[in-house]
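In this note's numbering, the protein residues as written are 1 to 231. Backbone N, C-alpha and C define an ideal beta-carbon position, used for all residues, glycine too. No experiment lies behind these values; they were computed from the predicted model shown.
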Amino acid sequence: MRIKLIISIFFMTLSSFAQDVEKDFDAPDSLYREDQFYFNITYNTLQKRPDGLKQNKLSYGLAFGFLRDMPVNTKRTVSFAAGLGYSLSVFNQNLGIIDVNNVTTYQILNADNITFSKNKLSLHCVDLPIEFRWRNATPDSHKFWRVHLGIKLSYLFHDQYKLESSQGNIGQTNLEDLNDFHYGIYLTTGWNTWNLYAYYGLNPLFKSSAKIEGQSIDMNTANFGLMFYIL
């Protein structure tokens with residue numbers, strides 16, 4: 001129910017932003033705005049991994065949302081942007097998250113202790129990105145170079161862990177040891193439709209209470225992929 005409520009609020013907010021964008025179409029070309037709707041796809045990597053932890057299969061990310069473009073110079077080539085978005089991050093790896101008598105334990109899964117076909121952690125977040133932007137756009141062309149440097153705050157509103165193994169299947173949601181808030185920096189640069197995207201998380205995925213053999217799991221994320229803009 002909480003997921004449906006948050007997604008509904010997100011789309012209502014996005015709709016109100018879209019109405020503002022439509023109003024901008026009536027303005028003179030000299031008052032144009034750029035890159036207000038975005039969509040990206042990424043390959044997700046885990047940094048600062050504990051010994052023995054490996055990623056397998058494809059760990060991917062999807063994100064979309066709205067950014068309000070706010071030019072600060074008369075040529076409108078420099079601007080700031082702030083917005084709202086949704087992101088899904090999926091990590092396929094060999095970190096086992098096992099609940100025994102309401103106590104969560106963590107272990108590295110390998111052929112010596114367990115054989116598995118799926119071990120996946122999925123994170124659903126509401127994102128609040130803020131960007132500084134440079135571009136060489138003009139009022140009569142939508143093809144231009146761009147460089148966007150940003151920070152992103154993400155609120156984790158739902159997570160899901162799935163393990164399918166030789167010893168049975170496990171499914172858990174809303175793990176208590178995951179940090180509710182994540183933040184990081186990102187860079188987008190490219191020409192016209194095709195833009196490279198890189199994000200580096202500045203805080204760990206897990207709280208300090210998540211440990212393997214007494215050591216905290218201090219992993220953070222680094223994501224690389226493509227960014228697409230509309231309007």
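Residue i classed as buried or exposed, judged by whether at least 16 other C-beta atoms fall within 10 angstroms
i: S154; result: buried
i: M70; result: exposed
i: N40; result: buried
i: G241; result: Missing from the structure shown is residue 241; the chain here goes from 1 to 231 and no further.
i: D35; result: buried
i: F206; result: buried
i: F66; result: buried
Proximity of residue i and residue j at Cβ, strictly below 8 Å
i: N94; j: N119; result: yes
i: N44; j: T221; result: yes
i: L53; j: I108; result: yes
i: Y197; j: M227; result: yes
i: L62; j: L46; result: no
i: T42; j: N223; result: yes
i: H124; j: D177; result: no
i: M219; j: R33; result: no
DSSP state of residue i mapped onto helix, strand, coil
i: K211; result: strand
i: D24; result: Because D24 carries a pLDDT of 47, less than 50, the predicted location of this residue cannot be relied on, and no value is offered for it.
i: L202; result: coil
i: L62; result: strand
i: L109; result: coil
i: L31; result: helix
i: S52; result: Note that residue 52 corresponds to Gly in the displayed sequence, not to Ser. Here G52 sits in coil by DSSP.
i: E176; result: coil
i: M219; result: coil
i: N119; result: strand
i: K57; result: coil
Closest Cα partner of residue i within the set the options
i: I98; options: G171, E131, L128; result: G171
i: S210; options: L202, I230, N179; result: The question names Ser, but residue 210 in the sequence shown is Ala. Residue N179 is the option with its Cα nearest to A210.
i: Y86; options: L156, N56, L31; result: L156
i: S165; options: I217, F116, E213, D177; result: F116
i: D51; options: N223, Q215, I230, W194; result: Q215
i: K57; options: T74, F91, K75, V72; result: F91
i: T77; options: W134, N110, Y229; result: W134
i: S240; options: N101, Y106, N102, F66; result: One cannot answer for residue 240 here, as it falls past the ends of the chain, which runs 1 to 231.
i: F64; options: K75, N102, Y38; result: Y38
i: Y60; options: G225, G96, Y229, I230; result: G225
The ligand SAH heavy atom lying under 7 Å from the CB of residue i
i: L62; result: Judged by which ligands are present, the structure shown has none, so any question about the ligand SAH falls away.
Inset, instruction - Determine, using beta-carbon pairs with one atom in the stretch 144-153 and one in the stretch 178-192, whether at least three such pairs fall under 8 Å. - result: yes
Inset, instruction - Determine contact between the stretch 190-201 and the stretch 127-145, defined as no fewer than three beta-carbon pairs at a distance below 8 Å. - result: yes
Legend entry - Segment contact, 8 Å Cβ cut-off, at least three pairs: the stretch 78-87 with the stretch 126-136: yes
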